[in-house]
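The sequence shown begins at 15 in the numbering used here and counts up one residue at a time.
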Amino acid sequence: MSPIDGQPKGKNILSMTQFSASDIELYIDEARAADRLLRNQEDPSINLLPGKKLVAVMRQDSTRTALSMTTAMENLKGNKELISGQSGSAEGKGETIEDSWVAYACMAHVIGTRTPDAFGPLKAAKSIDTALQEGNLLWPVPIINLGDGTNEHPTQALSDLYTIHNKYTGFKGLKLTVVGDHERYRAHHSLIIGALTVGMEILTVETDVAPVPEYISEMGGSKITRGVDLDEAMREANILYIGRRPDEYEKKSSGDDEDYNPAEHRRNELLSQAYKSWHIDRARLQKMSLDAMVLHPRPRNGEMNQDCDADPRTHDIKQMINLVRMRMAILVGAFGKSIRQEIHSLPAKPPNK
Ligand code: CP
């Protein structure tokens with residue numbers, strides 16, 4: 015995994031650990047330029063990626079990520095193909111996943127993928143790199159991790175950091191509370207890594223059955239305070255981030271009885287009690303300052319009451335709107351292009367606070 019190091023062209027995006035604070039700012043600047051473009055023109059497209067093709071291989075369910083990637087590519091005048099699930103692909107005829115990645119790479123300039131297994135996108139990048147090194151591909155095809163099992167969801171984190179930056183015009187002095195299943199919820203991992211990178215302080219609300227992974231806790235050092243009471247954290251934090259209860263891991267995708275995982279089932283039972291005690295409704299939100307922000311990357315699974323939607327602290331719909339902006343930034347970066355450089359003549363508008 016290469017650091018982005020200000021040069022995203024051709025690089026795989028596999029983990030938030032690849033990003034420095036200035037890399038994150040670079041992507042935020044590009045997303046903000048995309049926002050200006052989308053809000054200043056009737057036709058929100060810009061001719062930056064003509065002839066380039068995105069193949070989005072979503073091997074796990076997705077609404078927001080799949081659609082925002084393909085919409086972002088359309089806005090950049092590129093081509094896109096969405097492959098959802100494994101049914102209909104040649105894997106049904108016994109093709110290995112390694113061979114499938116190379117097949118996709120033969121027909122793409124960039125691949126975005128979500129996999130049920132941790133490090134699936136890294137494995138895809140290795141298969142494609144091997145084919146390239148052996149002289150069997152015409153060009154490198156970067157891989158963008160759109161969520162890999164219980165590991166990471168770096169493009170969601172970049173977009174969420176953009177949403178936070180829009181409201182507070184930076185990250186300085188911000189405290190972020192992250193509540194939920196810290197072991198299996200990948201968006202938490204990427205967000206905490208990114209938030210630490212930009213200097214935020216982290217409070218975690220967690221249980222022993224799904225704790226913050228040790229490597230993230232070590233990364234945070236004194237900047238992360240673990241096991242805080244939710245109501246106390248709400249009073250203290252600027253931002254409350256509550257993730258979905260990820261209860262899908264007790265069954266594999268086939269849904270067959272033999273794929274049932276009793277340990278994950280037990281964990282889900284214990285966690286469902288914890289999620290009940292963490293449930294947020296509008297009355298509970300009043301514990302936070304009026305300038306606070308509540309984020310949920312959605313889909314929701316009962317963590318937040320619908321009555322929170324009308325509270326000015328709740329920004330989860332803005333989070334979804336921002337996904338297209340950040341994924342436009344990610345796609346242009348993969349090709350060494352810049353939206354900022356193209357739109358300097360458009361009038362500036364205030365960000366989506
Ligand atoms: N936030 C998110 O990743 O949503 P989807 O599962 O709908 O892509």
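For every residue, glycine included, the Cβ atom is placed at its ideal position computed from N, Cα and C.
Count the other CB atoms, across all protein chains shown, that sit within 10 Å of the CB of L152; report buried if there are 16 or more and exposed otherwise.
In the sequence shown, residue 152 corresponds to position 138, counting from 1. The residue is exposed, with fewer than 16 neighbouring Cβ atoms inside 10 Å.
To the nearest angstrom, how far is it from the Cα of R259 to the Cα of E317?
Position 245 of the sequence shown, counted from the first residue, corresponds to residue 259. Position 303 of the sequence shown, counted from the first residue, corresponds to residue 317. In this structure, the alpha-carbon of R259 lies about 7 Å from that of E317.
Report yes or no: do the segment 107-119 and the segment 82-92 share at least 3 C-beta pairs separated by less than 8 Å?
Short answer: they don't touch.
Determine the direct distance from the alpha carbon of V193 to that of L304, and round the result to whole angstroms.
Position 290 of the sequence shown, counted from the first residue, corresponds to residue 304. Position 179 of the sequence shown, counted from the first residue, corresponds to residue 193. So the alpha carbons of these two residues sit roughly 20 Å apart.
Ligand 1 heavy atom lying under 7 Å from the CB of R78:
The residue you call residue 78 lines up with position 64 of the sequence shown. True, at least one ligand heavy atom lies under 7 Å from that Cβ.
Where the alpha helix (DSSP H) through I142 begins and ends:
Counting from one through the sequence shown, the residue named residue 142 turns up at place 128. It spans G134 to Q147 - the alpha helix (DSSP H) in which I142 sits, taken as one unbroken run.
I need the DSSP call for A86, collapsed to helix, strand or coil.
Here residue 86 refers to the residue found at position 72 when the sequence shown is read from its first residue. DSSP places A86 in helix when its eight states are reduced to three.
Sheet register partners of L175 (DSSP bridge):
Here residue 175 refers to the residue found at position 161 of the sequence shown. Answer is none; L175 lacks a bridge partner.
Please confirm whether K91 and L62 have their CB atoms less than 8 Å apart.
On the sequence shown, residue 91 is found 77 positions in, with the first residue counted as 1. On the sequence shown, residue 62 is found 48 positions in, with the first residue counted as 1. Cβ atoms of K91 and L62: closer than 8 Å.
So, L96 versus M72, is the Cβ gap smaller than 8 Å?
As a position in the sequence shown, residue 96 is number 82, starting the count at 1. As a position in the sequence shown, residue 72 is number 58, starting the count at 1. Against a cut-off of 8 Å, the Cβ pair of M72 and L96 comes out as a contact.
Please confirm whether any heavy atom of ligand 1 lies closer than 7 Å to the CB of P311.
Walking along the sequence shown from the start, residue 311 turns up at place 297. Indeed, a heavy atom of ligand 1 lies less than 7 Å from the Cβ.
In terms of DSSP beta bridges, what is L62 paired with?
The residue you call residue 62 lines up with position 48 of the sequence shown. L62 pairs with nothing; no bridge assigned.
State the start and end residues of the unbroken alpha helix (DSSP H) segment that holds V116.
As a working note, residue 116 is residue 102 in the sequence shown. For V116, the enclosing alpha helix (DSSP H) has its first and last residue at I111 to C120.
Spatial distance of A104 from G234 (CA atoms):
Residue mapping note: residue 104 aligns to position 90 of the sequence shown, counting from 1. Residue mapping note: residue 234 aligns to position 220 of the sequence shown, counting from 1. Just so you know, the alpha carbons of A104 and G234 end up roughly 43 Å apart.
Classification of P22 by the beta-carbon crowding that lies within 10 angstroms, buried from 16 upward:
As a first step, residue 22 must be located in the sequence shown, where it is residue number 8. Buried is the call here.
Please state the DSSP three-state secondary structure of G269.
By one-based count along the sequence shown, residue 269 stands at place 255. Note that G269 scores a pLDDT of 48, beneath 50, so its modelled location is shaky and nothing firm can be said.
Terminal residues of the alpha helix (DSSP H) in which Y289 lies:
Against the sequence shown, residue 289 aligns to sequence position 275. Where Y289 is concerned, the enclosing alpha helix (DSSP H) starts and stops at P276 to W292.
Outcome for R46 when other beta-carbon atoms lying within 10 angstroms are tallied against a minimum of 16
On the sequence shown, residue 46 is found 32 positions in, with the first residue counted as 1. Burial call: buried.
Do you know offhand how far K107's Cα is from D131's?
Along the sequence shown, one-based indexing puts residue 107 at 93. Along the sequence shown, one-based indexing puts residue 131 at 117. Cα-Cα distance, rounded: 21 Å.
One question on the structure: do I207 and M30 come within less than 8 Å of each other, judged by their Cβ atoms?
Within the sequence shown, numbered from 1, the residue matching residue 207 stands at position 193. Within the sequence shown, numbered from 1, the residue matching residue 30 stands at position 16. The Cβ-Cβ distance between I207 and M30 falls below 8 Å.
Straight-line CA distance for P154 to A145?
Here residue 154 refers to the residue found at position 140 of the sequence shown. Here residue 145 refers to the residue found at position 131 of the sequence shown. C-alpha separation (whole angstroms): 9 Å.
For ligand 1, is there a heavy atom less than 7 Å away from the beta-carbon of G163?
Along the sequence shown, read from residue 1 onward, the residue named residue 163 stands at position 149. Result no, Cβ not under 7 Å from ligand 1.
Pick helix, strand or coil for V212, following the three-state DSSP scheme.
As a first step, residue 212 must be located in the sequence shown, where it is residue number 198. Note: V212 maps to coil in three-state DSSP.
Give the secondary structure of A70 by DSSP, where H, G and I count as helix, E and B as strand, and everything else as coil.
The sequence position of residue 70 within the sequence shown is 56, counting from 1. DSSP places A70 within a strand segment (E or B) once states are collapsed to three.
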